[in-house]
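Take a look at the structure below.
Quick look at the structure:
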């Protein structure tokens with residue numbers, strides 16, 4: 001699936017991803033998810049951080065940012081954090097997502113703002129340190145051809161289910 005810089009909300013995204021790989025009547029989606037803590041620091045010596053994954057990885061990766069906050073040692077200046085990524089036409093776009101100042105706005109809740117890699121976070125102005133935190137979400141596609149059971153095993157299980165149930169033995173009557 002192709003997603004732009006800003007992905008859909010998590011439940012809608014999961015539903016969209018499920019549509020391509022679900023069999024009719026299947027109760028659970030064939031996707032396993034993994035979630036990991038994400039964090040990076042932007043400061044005067046490390047003004048940018050790029051979140052990327054291996055091109056060989058066939059899983060879908062998303063980064064959901066929860067918070068941007070100033071940390072100890074920050075000056076009372078505007079610290080503007082921008083996101084650099086690609087739009088739906090694959091053109092690079094830079095968008096400011098946070099403007100933090102120690103005296104009035106030292107932190108900002110980003111409410112799981114989602115991005116698809118590669119995406120770069122850049123400290124456009126200010127010296128930080130600004131901490132970004134969130135979750136790295138991985139959606140592993142379950143390969144339906146690698147099920148635990150082969151077709152022969154499934155047929156034998158189906159045949160066993162068709163057998164009539166065992167009936168209790170009749171009691172002998174006393175004469």
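In the UniProt record's numbering, the protein residues as written are 1 to 175. We put the CB at the ideal spot given by N, CA and C, even for glycine. If you're wondering where the values come from, they're calculated on a predicted model, not measured in any experiment.
Counting only runs of 3+ residues, the beta strand (DSSP E) found wholly inside the segment 70–103 occupies 79–86 and 92–100, in chain order.
In the DSSP annotation of this structure, the continuous segment of the beta strand (DSSP E) that includes residue 135 starts and ends at 130–141.
Across the structure, residue 113 and residue 94 are spaced so that their CA atoms are roughly 15 Å apart. Counting only residues of its own chain and dropping the five nearest sequence neighbours on each side, residue 102 has a CB closer than 6 Å to the CB of 70, 74 and 76. Residue environment analysis places residue 60 among the buried positions, since at least 16 neighbouring C-beta atoms fall within 10 angstroms of its C-beta. The beta carbon of residue 139 sits closer than 7 Å to those of 17, 31, 33, 59 and 60, all from its chain and outside the five residues before and after it, given in chain order.
Under the three-state reduction of DSSP output, residue 116 falls in the coil class, being neither helix nor strand. Taking a C-beta distance under 9 Å as the contact criterion, residue 134 and residue 63 qualify as a contact pair. According to the DSSP secondary-structure assignment, residue 34 is paired through a beta bridge with 138.
Note on geometry: alpha-carbon atoms of residue 39 and residue 46 lie some 14 Å from one another. Boundaries of the beta strand (DSSP E) around residue 48: 48–51. With respect to residue 96, residue 53 sits apart: the two C-beta atoms are not nearer than 9 Å.
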